[in-house]
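Here the structure comes first, spelled out in structure tokens, and everything after it is commentary.
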Amino acid sequence: MAMITEAPKRHAVGQSMKRKEDPRFIRGAGRYIDDITLPGMLYLALVHSPYPHARIVSIDKSAALAMPGVKAVITGEDLVAANLGWIPTFHGYDKQMVLAVGKALFQYQEVAGVVATSREAAIDAAELVEVDYDVYGNRHFDLHRSRRRRTEQALRHHGHQDVR
Amino acid sequence: VCVVVLDGERAVKACTMFAVQADGHAITTVEGLAQGAKLHPLQQAFWDCHGLQCGYCTPGMLMTSLVLLKHNPDPSESEIRQALAGNLCRCTVYQNIIASVQQAAQQMSPQPVEA
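Sequence order for the protein chains is R and S. Under the working numbering, think of the first position of the first sequence as 1060, with each following residue one higher. Under the working numbering, think of the first position of the second sequence as 350, with each following residue one higher.
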């Protein structure tokens, strides 16, 4: 049986550490990202695709933009124009579409974003963004046939050249 | 935040009670638990026993436990679990929360129970 000696007290390893952040949480003084308010801060609400695969025929921002407090309605096309359509992922070799461009590729994909002076105004206006979809048929969702090939095709089609 | 204590007797979710219903009642929030610099035994126990991680559910856990211990100073493990069932911890530190409440119960009891 091995002898276990007590670790020197000044080291963290081998002993239970008191958490430094706990006093504020147990006193109700925790501060989360949602609690942060900065001068001039704006709020974002997203518009999601209800369809897993659909061509975006048009996006009508006018009703949303007419709402009080709404500063901007941003679509995938706007981001592409600003060279912000794709963001790198943590992998580094991959990149990700920020907002759907041309078509929605999965259900709930982000299609537009509404920026407003309050959370409520952004959410209300997001409901007024009018997206006209042309829904693709089910033949695109045959999981048992050439799933991998189709995925790669889709990725190439959407600008990925080095698909592995 | 979230769970508040009404008249020191009842733990209520603040969002499920209208202000008019609370009219004339004493409300204790987690901010009122410590006596100045001195932590309430429940707060101390949660800290000692690692009864929290992100801390988001902690006010609710503390205030619900406060009422539990008022009515039942020596609860069993299952009684603690039952009392806290309405409070969810997404970090899932439930085990330590139970231990925290048990430690607090021990320290708050007039005659400390032999462990």
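All residues carry an ideal CB built from backbone N, CA and C; glycine is no exception. The structure presented is a predicted model; accordingly, all values stated were derived computationally and were not measured.
Nearest chain S C-beta to residue i closer than 7 Å, yes or no?
i	result
R:D1094	no
R:G1087	yes
R:F1084	yes
R:D1153	no
R:D1183	no
R:D1081	yes
Between residue i and chain R, is the shortest Cβ-Cβ distance under 7 Å, so that the two count as touching?
i	result
S:T441	no
S:L401	yes
S:Q392	yes
S:T413	no
S:G404	yes
S:P422	no
S:P408	yes
Please work out which residues of its chain come closer than 6 Å, Cβ to Cβ, to residue i, disregarding the five sequence neighbours upstream and downstream, and give them in chain order.
i	result
R:V1174	L1101, L1103, K1130 and A1131
S:G400	N445, I446 and S449
S:E358	none
S:S414	L391 and V450
R:L1138	G1144, V1157 and L1158
S:T377	V354
S:C438	C406
S:C351	P408 and G409
Can you give the beta carbon distance from residue i to residue j, rounded, assuming they're within the 8 Å contact cut?
i	j	result
S:L417	R:I1085	Going by Cβ atoms, the distance from S:L417 to R:I1085 rounds to 17 Å, so no, they are not a contact pair.
R:V1106	R:V1170	5 Å
R:D1119	R:E1189	4 Å
R:G1135	R:V1160	4 Å
S:D397	S:Q431	With a Cβ gap of about 23 Å, S:D397 and S:Q431 do not count as contacting.
R:R1114	R:K1154	The pair is not a contact, with the Cβ atoms about 22 Å apart (cut-off 8 Å).
I'd like the list of long-range same chain contacts for residue i, defined as Cβ closer than 8 Å, with 5 residues on each side in sequence excluded.
i	result
R:S1177	Y1102 and G1128
R:M1126	A1175, A1180, D1183, A1184 and L1187
Please list, in chain order, all residues of the same chain as residue i whose beta carbon is under 7 Å from its beta carbon, the five residues on each side excluded.
i	result
S:A454	L418, P422, D423 and P424
S:C440	Q402 and C403
S:T407	F395 and L401
Measuring from the CB of residue i, is there a heavy atom of the ligand PLP at a distance below 6 Å?
i	result
R:T1096	What this structure holds is no ligand at all, so the ligand PLP is not there to describe.
Interface residues of the stretch 367-382 of chain S facing chain R [CB-CB below 8 Å]: For the stretch 367-382 of chain S, the set of residues with a beta-carbon nearer than 8 Å to any beta-carbon of chain R comprises T378, V379, E380 and L382, in chain order.
4 or more residues per run - each alpha helix (DSSP H) lying fully within the stretch 1134-1206 of chain R: List check, alpha helix (DSSP H) in window: 1135-1140 and 1178-1185.
Start-end ranges of the alpha helix (DSSP H) lying completely within the stretch 377-437 of chain S, minimum 4 residues: Those alpha helix (DSSP H) runs which fall completely within the stretch 377-437 of chain S and span 4+ residues are 390-397, 407-420 and 426-432.
Within 8 Å of chain S by C-beta, residues of the stretch 1126-1143 of chain R in sequence order: Residues are counted here when their Cβ sits less than 8 Å from a Cβ of chain S; for the stretch 1126-1143 of chain R the count is zero.
Contact set between the stretch 426-453 of chain S and chain R, restricted to residues whose Cβ is under 7 Å from the partner: Contact residues of the stretch 426-453 of chain S toward chain R are absent (C-beta to C-beta distance below 7 Å).
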